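Notes follow the structure.
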Amino acid sequence: MAQVEATTERIIAADAEAVFDALADYKDVRGKVLTGHFSEYEVREGGDGEGSLVHWKLQATSKRVRDCLLEVSEPTDGQLVEKDRNSSMVTTWTVTPAGEGKSKAVVTTVWDGAGGIGGFFERTFAPKGLGRIYDELLQNLATEVEK
């Protein structure tokens, strides 16, 4: 099995602390900025960053739905890690200052891909599809925090 990785980034016209706080707010903000690819969103524990436990289903393609139960940690300032209890998938959000009143938000998701020909197609197409989903999510986040 080869590791599959998808990374997306965006410059947001808001300071890094505000962007990070919005991302870490699973109670109010995160549910609002998720795209139509996410369903059954539920905060099961916590709701504000470190120690939160969040559930959702991610429909990456018309045939592929991931049932995710995510443990949230904050290993360093400006970094939020969502580790899926149901798979090898780990998503890391990193928010850093990017000049006066701006920040850079980067989201990277990695997981163990399938082997064989299916794995080849997964490594080829899944990062692009997930990238589009996260690009839309980051646009929604920007709209939320740039108000």
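The sequence shown begins at 1 in the UniProt record's numbering and counts up one residue at a time.
Note that beta-carbon positions come from the ideal geometry of N, C-alpha and C, so glycine has one too.
Note that the structure is a prediction, hence the values are computed from the model and not measured.
Best match in the options for proximity to residue i [C-alpha to C-alpha]
i      : options                        : result
GLU74  : SER62, TRP93, VAL43            : TRP93
LYS63  : HIS37, VAL72, GLU146           : HIS37
ASP112 : ASP84, ILE133, LYS104, GLU50   : ASP84
VAL107 : GLY118, GLU100, GLU136, PHE125 : GLU136
GLY49  : GLU40, GLU17, SER39            : GLU17
GLY51  : GLN3, SER39, LYS102, VAL72     : VAL72
THR96  : PHE20, PHE121, GLU146, PHE125  : PHE20
Cut-off 6 Å between Cβ atoms - residues of its own chain near residue i, not counting five sequence neighbours on either side
i      : result
GLY47  : TYR26, LYS27
GLN79  : THR94
ALA6   : THR109, PRO127, LEU130, GLY131
LEU70  : VAL54, GLU82, ASP84
THR124 : none
Nonlocal neighbours in the same chain, by C-beta distance under 7 Å from residue i, ignoring five residues either side
i     : result
ASP67 : LYS57, ASN86
Sequence-distant residues of its chain with Cβ nearer than 8 Å to residue i (five each side left out)
i      : result
ASN140 : LYS32, VAL33, LEU34, THR35
GLU42  : VAL54, HIS55, TRP56
Supposed contact pair residue j and residue i - C-beta distance, whole angstroms, cut 8 Å
i      : j      : result
ILE11  : ALA98  : 5 Å
ALA13  : LYS102 : 6 Å
GLY119 : ALA22  : At roughly 35 Å, the Cβ-Cβ gap does not stay under 8 Å, so GLY119 and ALA22 are not in contact.
Delimiting residues of the alpha helix (DSSP H) encompassing residue i
i      : result
TYR41  : First-last for TYR41: 38–45, but that is the beta strand (DSSP E), not the alpha helix (DSSP H).
LYS32  : 29–33
ALA24  : 16–24
GLU144 : 116–145
Check: residue i C-beta below 8 Å from any heavy atom of the ligand ADP
i     : result
SER73 : Looking at this structure, you won't find the ligand ADP or any other ligand, since it has none at all.
Residue span of the beta strand (DSSP E) that contains residue i, given as start and end
i     : result
GLU50 : No beta strand (DSSP E) contains GLU50, which DSSP labels as neither H nor E.
ASP67 : 65–73
Proximity test, Cβ basis, 9 Å: residue i and chain B
i      : result
LYS102 : This model lacks chain B altogether, as it is built from one protein chain only.
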